[in-house]
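A.B. asks: So in the numbering used here, spot 22 of the sequence shown is number 1108, and the numbers just go up one at a time. Sharing a structure here in structure tokens format.
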Amino acid sequence: MSDDAIFVTRARFSNFKSLKACDVPIGALAILVGPNGSGKSNFLDAFRFTGDALTTTLDHALRDRGGINEVRRRSGGHPNNFALRFDFRLADGSTGHYAYKVGAMKDSGFHVTDEECLVVPNATNTGVSFRVKGGKVSTTLEERLPAVVEDRLFLVSASNIATFRPVFDAFTRMGFYNLSPAAIRQPQPPDPGTLLRRDGSNLPSVLGHLEKQNPSVLARVVDYLRLVSPGVEGVSKTAAGSMETIEFHQRVSGQQRPWRFAATNMSDGTLRGLGILVAILQANGRPPSLVGIEEPEVALHPAAVGILIDALAEASRHTQLLVTSHSPDLLESETLDADSILAVLSDQGVTTIGPLDIVGREALRDRLFTAGEMLRMNQLAPSQEALTASKQEQLRLFEL
Ligand SMILES: Nc1ncnc2c1ncn2[C@@H]1O[C@H](COP(=O)(O)OP(=O)(O)OP(=O)(O)O)[C@@H](O)[C@H]1O
Ligand SMILES: [Mg+2]
């Protein structure tokens, strides 16, 4: 698996929902497995939260989740802040990290108490950084920086500076999907169609763009879709008055040419399958920096789930993928790397998340079991290091 696709190389979260302290290395493809309520979606949400807070506002991202008191971890000694740190690699090869801490105030108010970003250009040792603390910003740059606003992330203002722009762009080009067949069936007004929306509703526009600008990607989507949904031979955007919708080309017995079926008449599994394939393979202009998908196996036949893992492996060569799953069929593939699995468990409401423990790795290495079999037996557990990390009281997330 290529490293070029990796955007976030390591994630460290403190007191975000059920994540008390986690420190997780992440590769090009990360499949999170673990019991219901163990914290898989919370882990993905820490990424989505950051993207939301940068594209809208911190206030909006918090309100969307019920306010700061729902986002910071609930526990006996209810911590009054949460902090997230992402170590990253950008498309141009530069590396660095972005970290911020949000503190709760009385009356559900909040403020950013710490924030820092470091960018080390490729092939140099000296980075450029900013650090916000106590309402003041300091920087290694010569130029003057904009003023700090307490309830906003400074990276938004810093995106006007050339060095920090790619960091902002990468964090705001993550896509998180919760595909809805009902939304995909609805005819849609035309849309720029460069990035698939969370519910998949602008799928017709995205397909239209792929057809024009990236037909080879559309061909891959159709290759996989034919395997997922036998009989389907193609898919295209079509006009419905001033709106647009999707048309499927399907083989029908006794007919030489495929018939065209409107999205309204297609099965939930076919629509979801198409949405997932487009979400992971999309490359209109630049591909997303990272794609998160919850339980892609939903509504798919087990054989189709097996095909999905091949599509995920292919897509992870150009886009980093974070996937949650309960499907042994998804983990059945013999080619699945042990490093692609992140095991999640919860102990008294505190999440542990990390790479597989030694027992799991050895069982996979020696081909005693497949990861799918181990998931069925509930034998996929996080490593000792991950367990130790989750017990820490303080994670060191800021260093500038
Ligand atoms: N602010 C918070 N503090 C502590 N725990 C929280 C907080 N918010 C949510 N949780 C806990 O997180 C858990 C849900 O985690 P999450 O949704 O990530 O589970 P999951 O692993 O995705 O489960 P599933 O497989 O069912 O989707 C719940 O048990 C909930 O109590
Ligand atoms: Mg979940």
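We put the CB at the ideal spot given by N, CA and C, even for glycine.
DSSP on I1045, reduced to helix/strand/coil?
C.D. replies: No information on residue 1045 is available, as it lies outside the stretch 1087 to 1486 that the chain covers here.
A.B. asks: What are the start and end residues of the beta strand (DSSP E) that includes H1197?
C.D. replies: Unbroken beta strand (DSSP E) run through H1197: 1196 to 1206.
A.B. asks: Since L1144 is in the alpha helix (DSSP H), which residue starts that stretch and which ends it?
C.D. replies: Looking at the DSSP string, the run of the alpha helix (DSSP H) that includes L1144 is 1144 to 1149.
A.B. asks: For Q1480, which residues does DSSP report across the bridge?
C.D. replies: In DSSP, Q1480 forms no bridge with anything.
A.B. asks: Have a look at the DSSP bridge pairing and note the partners of M1260.
C.D. replies: Paired residues: L1376.
A.B. asks: First and last residue of the beta strand (DSSP E) that includes D1531?
C.D. replies: Since the first residue of the chain shown is 1087 and the last is 1486, residue 1531 is not available in this structure.
A.B. asks: Beta-carbon separation of A1500 and F1099 under 8 Å?
C.D. replies: Since the first residue shown for the chain is 1087 and the last is 1486, residue 1500 is missing from the structure and cannot be characterised.
A.B. asks: With burial defined as no fewer than 16 other Cβ atoms inside 10 Å of the residue's Cβ, what is the status of E1156: buried or exposed?
C.D. replies: E1156 comes out exposed.
A.B. asks: Would you kindly report the start and end of the unbroken beta strand (DSSP E) that includes T1095?
C.D. replies: T1095 -> beta strand (DSSP E) spans 1094 to 1102.
A.B. asks: Using three-state DSSP, classify A1107 as helix, strand or coil.
C.D. replies: Residue state, collapsed to three classes: strand.
A.B. asks: Any idea if K1298 is buried or exposed, counting beta-carbon neighbours within 10 angstroms, 16 or more meaning buried?
C.D. replies: It counts as exposed.
A.B. asks: Going by other Cβ atoms of all chains shown within 10 Å of its Cβ, with 16 needed for buried, is I1154 buried or exposed?
C.D. replies: Looking at its Cβ environment, which holds 16 or more other Cβ atoms inside 10 Å, I1154 is buried.
A.B. asks: For I1270, does the three-state DSSP call read helix, strand or coil?
C.D. replies: Reduced to three states, the DSSP call for I1270 is helix.
A.B. asks: For S1266, which residues in the same chain have their Cβ closer than 6 Å to its Cβ, ignoring the five residues on either side in sequence?
C.D. replies: The residues are D1285.
A.B. asks: If you follow the beta strand (DSSP E) that Q1406 is part of, which residue opens it and which one closes it?
C.D. replies: Element bounds for Q1406: 1406 to 1410.
A.B. asks: Could you check whether G1378 and R1134 sit closer than 8 Å to each other, using their CB atoms as the reference points?
C.D. replies: Contact: yes.
A.B. asks: With a CB to CB cut of under 7 Å and the five nearest residues on each side skipped, what residues in its chain are close to L1311?
C.D. replies: Around L1311: V1318, V1321, G1359, L1360, L1363.
A.B. asks: Compute the distance between the beta-carbons of E1383 and V1391, then report whether it is under 8 Å.
C.D. replies: Against a cut-off of 8 Å, the Cβ pair of V1391 and E1383 comes out as a contact.
A.B. asks: Taking 7 Å as the cut-off, is the CB of E1380 close to at least one heavy atom of ligand 2?
C.D. replies: For ligand 2, at least one heavy atom lies less than 7 Å from the Cβ of E1380.
A.B. asks: Less than 7 Å between the CB of S1411 and some heavy atom of ligand 2, yes or no?
C.D. replies: For ligand 2, not one heavy atom lies less than 7 Å from the Cβ of S1411.
A.B. asks: Report the CB separation of S1375 from T1437 in whole angstroms; it is logged as a contact under 8 Å.
C.D. replies: With 8 Å as the limit, S1375 and T1437 do not qualify as a contact, their Cβ atoms being about 24 Å apart.
A.B. asks: Any heavy atom of ligand 2 closer than 7 Å to the Cβ of S1432?
C.D. replies: S1432 Cβ: outside cutoff for every heavy atom of ligand 2.
A.B. asks: For the candidate residues S1194, T1143, V1198, S1127, whose alpha-carbon lies nearest to that of A1169?
C.D. replies: If we check each option's Cα against that of A1169, V1198 comes out closest.
A.B. asks: Does ligand 2 have a heavy atom nearer than 7 Å to the CB of S1487?
C.D. replies: The question about residue 1487 has no answer, for the chain in this structure spans 1087 to 1486.
A.B. asks: Quick check: is any heavy atom of ligand 1 less than 7 Å from the C-beta of K1103?
C.D. replies: Yes, since a heavy atom of ligand 1 falls inside the 7 Å radius drawn around the Cβ of K1103.
A.B. asks: I need the straight-line Cα distance from Q1470 to P1441, nearest angstrom please.
C.D. replies: Approximately 9 Å between the Cα atoms of the pair.
A.B. asks: Among the residues of its own chain, which have a CB less than 7 Å from the CB of A1348, if the five just before and after it don't count?
C.D. replies: If we look at A1348 and ignore the five residues flanking it on each side, its Cβ neighbours are T1331, E1333.
A.B. asks: Compare the Cα-Cα distances from R1230 to each of L1239, K1219, S1243, D1237 and report the closest residue.
C.D. replies: For the residues L1239, K1219, S1243, D1237, the minimum Cα distance to R1230 belongs to S1243.
A.B. asks: For the alpha helix (DSSP H) holding V1314, just list the boundary residues, first then last.
C.D. replies: Per DSSP, V1314 belongs to the alpha helix (DSSP H) from 1301 to 1314.
A.B. asks: So does S1124 have its beta carbon nearer than 7 Å to some heavy atom of ligand 1?
C.D. replies: Correct: S1124 has its Cβ closer than 7 Å to ligand 1.
A.B. asks: So, are the CB atoms of L1140 and L1227 less than 8 Å apart?
C.D. replies: Contact flag unset, no.
A.B. asks: In the DSSP assignment, find the alpha helix (DSSP H) that holds K1126 and state where it starts and stops.
C.D. replies: Where K1126 is concerned, the enclosing alpha helix (DSSP H) stretches over 1126 to 1141.
A.B. asks: Between the alpha carbons of Q1480 and I1366, how many angstroms are there, rounded?
C.D. replies: Those two C-alpha atoms are separated by around 35 Å.
A.B. asks: Whole angstroms are fine: how far does the CA of T1212 sit from the CA of F1262?
C.D. replies: If you take the alpha carbons of F1262 and T1212, they lie about 33 Å apart.
A.B. asks: Helix or strand or just coil, what does DSSP make of G1163?
C.D. replies: Coil.
A.B. asks: Please classify P1194 as buried or exposed, where buried requires at least 16 other C-beta atoms within 10 Å of its C-beta.
C.D. replies: What sits at residue 1194 in the sequence shown is Ser, not Pro. With fewer than 16 other Cβ atoms within 10 Å, it is exposed.
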